[in-house]
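Contents: one structure, followed by commentary.
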Amino acid sequence: MSETKQGRTYDPTALERRWQERWAESELYTTDEDPEKIKHYALTMLPYPSGDLHVGHWYAMTPSDTRARFMRMRGFRVFFPIGFDAFGLPAENAAINRGIHPYKWTMSNIENMRTQLRQMGTMFDFDSEVVTCDPEYYRWNQWFFLKFFEKGLAYRKEVPVDWCPRDNTTLAREQVVGPERRCERCGTPVIRKNLVQWLFKITDYADELLDFSEIDWPERVRVLQTNWIGRSEGAEIFFEIEGIGTIEVFTTRPDTLFGATFFVMSPEHPAVEKITTPERSDEVRAYVEKAARMTEIDRTDVTREKTGVFTGAYAINPANNERIPVFIADYVLMGYGTGAIMAVPGQDQRDWDFAGKYDLPIVRTVEPPEDFDGEAYVGEGQAINSEFLNGLGVQDAKKRMIEWLEENGKGRAAVTYRLRDWLISRQRYWGNPIPIIYCDGCGTVPVPEENLPVVLPEDAEFMPTGESPLKRDPDFYNTECPRCGSPATRETDTMDTFMDSSWYQYRYLSPHHDEGPFDPERGARWLPVDQYTGGIEHAVMHLLYTRFFTKVMRDLGLVDFDEPMLRLFNQGIILGEDAEKMSKSRGNVVNPQEFVDRYGSDALRSFLMFIGPWDQGGPWDGRGIEGVSRFLRRALSLTGESDLSGAEADPADLARRTNRTVKKVTGDLEAFRFNTAIATLMEHTNYLLAIKGEVGEEEWNAALRAFVLLLAPFAPHHAEEMWSALGEAYSVHEQAWPAWDEDVIRAQEITLVVQVNGKLRDRIEVPADITEEDARELAISSERVRPHVEGKELRKSVYVPGRLVNLVVG
RNA sequence: GCGAGAGUGGUGGAAUGGUAGACACGCUAGAUUUAGGAUCUAGUGCCUUCGGGCGUGCGGGUUCAAGUCCCGCCUCUCGCACCA
Numbered sequence: 001m002s003e004t005k006q007g008r009t010y011d012p013t014a015l016e017r018r019w020q021e022r023w024a025e026s027e028l029y030t031t032d033e034d035p036e037k038i039k040h041y042a043l044t045m046l047p048y049p050s051g052d053l054h055v056g057h058w059y060a061m062t063p064s065d066t067r068a069r070f071m072r073m074r075g076f077r078v079f080f081p082i083g084f085d086a087f088g089l090p091a092e093n094a095a096i097n098r099g100i101h102p103y104k105w106t107m108s109n110i111e112n113m114r115t116q117l118r119q120m121g122t123m124f125d126f127d128s129e130v131v132t133c134d135p136e137y138y139r140w141n142q143w144f145f146l147k148f149f150e151k152g153l154a155y156r157k158e159v160p161v162d163w164c165p166r167d168n169t170t171l172a173r174e175q176v177v178g179p180e181r182r183c184e185r186c187g188t189p190v191i192r193k194n195l196v197q198w199l200f201k202i203t204d205y206a207d208e209l210l211d212f213s214e215i216d217w218p219e220r221v222r223v224l225q226t227n228w229i230g231r232s233e234g235a236e237i238f239f240e241i242e243g244i245g246t247i248e249v250f251t252t253r254p255d256t257l258f259g260a261t262f263f264v265m266s267p268e269h270p271a272v273e274k275i276t277t278p279e280r281s282d283e284v285r286a287y288v289e290k291a292a293r294m295t296e297i298d299r300t301d302v303t304r305e306k307t308g309v310f311t312g313a314y315a316i317n318p319a320n321n322e323r324i325p326v327f328i329a330d331y332v333l334m335g336y337g338t339g340a341i342m343a344v345p346g347q348d349q350r351d352w353d354f355a356g357k358y359d360l361p362i363v364r365t366v367e368p369p370e371d372f373d374g375e376a377y378v379g380e381g382q383a384i385n386s387e388f389l390n391g392l393g394v395q396d397a398k399k400r401m402i403e404w405l406e407e408n409g410k411g412r413a414a415v416t417y418r419l420r421d422w423l424i425s426r427q428r429y430w431g432n433p434i435p436i437i438y439c440d441g442c443g444t445v446p447v448p449e450e451n452l453p454v455v456l457p458e459d460a461e462f463m464p465t466g467e468s469p470l471k472r473d474p475d476f477y478n479t480e481c482p483r484c485g486s487p488a489t490r491e492t493d494t495m496d497t498f499m500d501s502s503w504y505q506y507r508y509l510s511p512h513h514d515e516g517p518f519d520p521e522r523g524a525r526w527l528p529v530d531q532y533t534g535g536i537e538h539a540v541m542h543l544l545y546t547r548f549f550t551k552v553m554r555d556l557g558l559v560d561f562d563e564p565m566l567r568l569f570n571q572g573i574i575l576g577e578d579a580e581k582m583s584k585s586r587g588n589v590v591n592p593q594e595f596v597d598r599y600g601s602d603a604l605r606s607f608l609m610f611i612g613p614w615d616q617g618g619p620w621d622g623r624g625i626e627g628v629s630r631f632l633r634r635a636l637s638l639t640g641e642s643d644l645s646g647a648e649a650d651p652a653d654l655a656r657r658t659n660r661t662v663k664k665v666t667g668d669l670e671a672f673r674f675n676t677a678i679a680t681l682m683e684h685t686n687y688l689l690a691i692k693g694e695v696g697e698e699e700w701n702a703a704l705r706a707f708v709l710l711l712a713p714f715a716p717h718h719a720e721e722m723w724s725a726l727g728e729a730y731s732v733h734e735q736a737w738p739a740w741d742e743d744v745i746r747a748q749e750i751t752l753v754v755q756v757n758g759k760l761r762d763r764i765e766v767p768a769d770i771t772e773e774d775a776r777e778l779a780i781s782s783e784r785v786r787p788h789v790e791g792k793e794l795r796k797s798v799y800v801p802g803r804l805v806n807l808v809v810g
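Numbering (the numbering used here), first residue to last: 1 to 810.
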C-alpha cells in the first residue's frame with residue numbers, strides 16, 4: 001500500500017479481491033455456450049498438485065489466460081478449463097516424506113491451489129475441473145485400457161526395462177533422459193531389468209505420428225518428435241550362418257551389400273550362444289559378460305574404441321556368396337533394428353574403425369570423389385565393385401538391390417523406427433490400477449466394463465519396495481475370475497500417469513458424464529483443442545502420447561478428427577534471479593505469493609508477460625516488477641481527476657495514437673507477443689498522462705475506453721476498476737475488443753528521414769501525400785543536408801514513401 | 001558428431017531490408033519530503049575539437065540502404081547421440 005500524489009491509497013490486493021468477489025457472484029467466467037459464436041478451446045497444461053503454485057505456474061498460466069480473454073473479447077465463445085494431474089511420483093514422494101496418505105495430501109494441496117488459482121484473476125471455468133485421482137476420472141482411464149486391450153493395442157510381455165532404483169519402478173523410454181540415462185523424475189541413473197510389463201502399441205501409429213500436416217505446431221516440437229520416432233528406410237537382408245541357419249540384418253544401405261566383409265551381432269543377440277564355435281566360446285562368453293556388467297554410460301560412450309570378439313562362425317554374403325566372419329561387438333545395439341548388422345567398412349566409419357582394429361578387408365562400393373581423403377565414404381557417388389549395381393547412383397542402387405533381394409528371396413524392403421512401444425506398468429501405489437485379472441484357468445481376463453472402476457484401496461501400505469504395494473494388500477490382490485468364478489488375482493501394477501494426461505482435454509467437457517469418457521454432444525461443440533500452451537519438456541512424452549491417444553480414439557469411433565490440438569505454443573522457463581533453474585537447494589526459488597501480496601496479481605501477471613518473449617523464458621528480476629506496478633498505478637490514475645493545465649493537445653493525434661495502439665496490441669496478442677503489447681500500452685499510458693486535461697471530454701473518454709479494453713486481458717482487475725470509474729456498465733470483460741481505422745492512423749504530417757549515401761543526415765516534417773520530387777527538393781535544401789551534397793553530383797535518389805529520401809552523391 | 005535456436009547499451013529486451021537501442025530496470029542530477037521510501041521532472045550506447053565520428057560476436061559479400069539477406073568462421077544454450 002502506498003500514498004499517491006493525490007493522497008489516495010493504492011491497495012492492489014484489496015482492489016483485486018473486490019473484483020474477484022464480484023466476478024464470482026456474477027458467474028462472469030461460466031463458459032459461454034452461444035451457438036452463434038465461433039468456438040475457441042484454449043487449454044493450458046494441467047498442473048501437478050505439488051503444494052503451492054510456484055512462479056512457473058504463473059508464467060505458464062497467466063499469459064494463456066490473457067490470450068483466452070483476448071479471444072473472448074474478440075467474439076469467440078471460449079472454453080478455458082483447469083484441473084489437476086493428481087496421480088504420480090511427485091505427490092507420492094512428498095506424501096512418503098511427510099508420512100501422510102497421498103490422497104489426503106493431494107486433496108489438501110488441491111484445495112490450497114484452487115484458492116491460489118482464483119487469486120490469479122484468471123477466467124478458468126472451475127465448473128469443468130478434473131482431478132485425475134478421482135475414481136470418476138480414472139474409471140474412464142481404465143475403460144480406455146480395456147478398449148486398447150480389445151483392439152490388441154495393449155499387450156503384456158517380458159521386456160528389458162529401465163528401472164529407477166530410487167523410485168523403485170519401471171519407466172517409459174521417454175522418461176529416461178540424457179547420455180547418462182537418468183530417471184526423468186529424480187535424476188538417478190536407471191538400471192536394466194527384465195520384467196513382464198504392459199505396453200501400448202504406439203509403434204502401430206509411428207508413420208501417422210510423423211505427419212504434422214494437420215497441425216500448426218512449433219518446428220522444434222515437430223523435429224523432436226520426428227527424431228524420437230526415428231524412421232529409417234532400408235532393407236532387411238537374410239544372411240546364412242554356415243551350419244546354423246538364417247539371421248536377419250537391417251540396413252539403410254542395401255546398395256553397399258557387395259562391400260559387406262564381416263558380420264556383427266550385439267552381445268545380447270539370442271543366437272550368440274548357438275553360433276559360437278566351441279573353441280571360441282570362452283572368449284565370447286567373457287565378452288558377453290563384460291558387456292552385461294558395463295554401465296549404460298560406458299556402453300554408449302561414443303568416443304570409446306570399438307571392441308569385439310570373433311565367434312568362430314561364418315556368414316555368407318548373399319550378393320557374392322563370400323564367406324565373412326561373424327563377430328560380436330557392443331557397438332551393435334540389441335534395441336535397434338534386428339540386433340545384427342552387415343559391416344561395410346568402406347561406407348561406414350564405425351565398421352571402418354572395427355575393420356582397422358581386427359585387420360578385416362575393406363571394399364569400397366561407392367566411388368568417392370577424387371579429392372576425398374577421409375576413411376569411410378558415406379556420400380553420393382557411383383557404385384563400384386558391385387556387379388549389377390556398378391555405375392548406379394546411391395538411390396538407384398538401393399532400389400535395384402532391394403528388387404534383386406526380393407526376386408531372389410534374400411531380403412525385402414523394410415522400415416525401422418527408433419520409437420519403442422509405450423511401457424505403462426508402474427510398481428507404485430499412487431496411480432491408476434490396471435483393470436486386469438489373472439486366472440489359472442482363463443488366463444489374462446479384462447475386468448468387465450460394468451465393474452469399473454477398479455478402486456485404488458485407500459488403506460494400502462504405500463511405501464515403495466520395488467514390487468507394487470497393491471500386491472501386499474490381500475483384499476485387493478485376491479479376487480475371483482469374472483469368467484469362471486474361480487479364485488484369481490488382480491494385476492497390481494498401476495498405470496503411467498502420462499496416460500491420465502493423454503485425454504484429460506476430453507474429460508474437461510463433461511467431468512461428471514457417466515456414460516463414456518466424455519459427452520459426445522458437448523464434444524461436437526468444442527473439440528478439438530484450438531490453442532494449447534505449455535512447456536517444451538513434454539515434446540516427446542505427453543505431446544506424443546496425447547496424439548497417439550486421439551488417433552486411437554478416432555479408430556474407436558469416439559472422435560472424428562486426427563489431432564488433439566490444432567495449435568501449440570511453448571512458453572519458456574522462468575529461472576531464478578541468478579539465471580539458474582529454480583531449486584530449493586540453490587535457494588533461488590521465487591514465491592509468487594510474496595509478490596501478489598505486495599503488488600497484486602495484475603502486476604505479477606503483467607510483469608511475467610513483459611519480461612521478454614514468452615517462448616524465451618529468462619531470469620526473474622525482483623526489481624523489474626516495480627516498473628510494471630508503477631505502470632498499473634499510472635494507468636489507474638488516468639481515470640482520476642484532471643488537473644487542467646490550460647494547454648491544448650491535438651485530438652487528431654490522440655485518435656491516431658489510440659488507433660495505432662489498438663492495431664499494435666491486437667497484432668501482438670494474436671502472435672503471443674505479450675512483451676511488446678505491454679510496452680505499447682505503457683507508451684500509450686505515458687502519452688495519455690502527458691495530455692490529460694488537454695483535450696475535450698468526449699475525445700478523452702473515447703480514448704480511455706479503448707485503452708481500458710486493451711488493458712483488460714493483461715490486468716483484468718485494474719481494467720475492471722477503470723471501466724467502472726468511467727461509468728461504464730459491468731463488466732469490461734464482456735465488451736467487444738476495439739477496432740481500429742487505418743484512415744485515422746494515416747497521419748497528415750509525417751517525419752521523413754533524409755539520408756545522404758545511406759547515412760542519416762536530417763529528419764523533415766512533410767505532408768503525408770508529398771510527391772517524390774517535392775520530397776527530394778525539401779531534402780536537398782535542408783540546412784543539415786546541404787554540406788553533404790554541395791559541390792557533388794547527385795547521381796541518384798531513392799524515395800520510400802512515408803519513410804525516407806536517400807540522396808546518392810559522389 | 002548430428003539437429004535446432006541464440007549472440008544488440010550496465011541489465012531484461014525493441015526494431016515489414018529503410019531513423020538501431022522502443023518499453024522497462026538500474027544509474028545521475030533536480031523537485032517534493034524532517035529523514036528514508038514513494039512520487040514527479042530531466043538525462044543516460046561509446047568517443048568528440050560539439051562539426052561530427054564509431055557502434056548490433058568476427059571476417060567477407062549483395063544493395064542506394066544490412067542487426068535483418070548471402071558465404072565463411074567464433075561463442076553459447078537446448079535436444080539427440082555407436083540408430084546400422
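We put the beta carbon where it would ideally sit given N, CA and C, even for glycine.
Coil, strand or helix - residue i by DSSP
| i | result |
| --- | --- |
| ASP593 | Residue identity check: residue 593 is Gln in the sequence provided, not Asp. Residue state, collapsed to three classes: helix. |
| ASN385 | coil |
| ARG420 | coil |
| ILE625 | helix |
| VAL809 | strand |
| TYR647 | The question names Tyr, but residue 647 in the sequence shown is Ala. The answer is coil: DSSP assigns ALA647 none of H, G, I, E or B. |
| LEU15 | helix |
| ASP562 | coil |
Under 9 Å between C-beta atoms of residue i and residue j
| i | j | result |
| --- | --- | --- |
| ALA235 | ILE341 | no |
| TYR314 | VAL326 | yes |
| ILE424 | GLU491 | no |
| TYR155 | ASP500 | no |
| ALA172 | ASP496 | yes |
| CYS186 | ASN93 | yes |
| PHE498 | PRO528 | no |
| ALA95 | SER64 | no |
| ASP530 | MET565 | yes |
| THR122 | PHE79 | no |
| GLU233 | ALA383 | no |
| LYS398 | ARG253 | yes |
| PRO453 | GLN20 | no |
Selection from the options that minimises the alpha carbon distance to residue i
| i | options | result |
| --- | --- | --- |
| MET120 | TYR730, ARG763, SER797, ALA715 | ALA715 |
| TYR59 | LEU604, GLU728, GLU742 | LEU604 |
| MET107 | VAL131, ASP127, VAL540, PHE124 | VAL131 |
| SER724 | THR639, VAL161, ASN93 | THR639 |
| GLY339 | PRO345, SER266, PHE310, PRO369 | SER266 |
| GLU180 | ARG299, TYR205, GLN225 | ARG299 |
| LEU46 | MET113, ILE96, LYS290, ARG22 | MET113 |
| PHE262 | TRP526, ALA355, GLY617 | ALA355 |
| MET334 | HIS269, THR303, PRO345 | HIS269 |
| ARG761 | ALA768, LEU752, ARG72, VAL366 | LEU752 |
Cutoff 8 Å; reference residue i; Cβ partners in own chain excluding five residues on either side
| i | result |
| --- | --- |
| ARG776 | SER797, TYR799, VAL805, LEU807 |
| GLU580 | ARG586, ASN588 |
Neighbourhood of residue i by C-beta distance below 7 Å, restricted to the same chain and skipping five residues each side
| i | result |
| --- | --- |
| PRO446 | LEU146, PHE149, PRO435, ILE436 |
| ALA677 | VAL665, ASP668, LEU669 |
| GLU772 | TYR799 |
Neighbourhood of residue i by C-beta, 6 Å cutoff - its chain only, sequence neighbours within 5 removed
| i | result |
| --- | --- |
| ASP443 | Looking at the sequence provided, one finds Gly at residue 443 rather than Asp. For GLY443, where only same-chain residues beyond five positions count, there are no Cβ hits under 6 Å. |
Q | the region 455-469 contacting the region 498-511, beta-carbon criterion three pairs below 8 Å | A | Using a C-beta cut-off of 8 Å, the region 455-469 makes no contact with the region 498-511, since fewer than three inter-stretch Cβ pairs fall below that distance.
Q. With contact counted as at least three CB pairs below 8 Å, one residue from each stretch, are the region 690-697 and the region 30-40 in contact?
A. Verdict: no, contact absent.
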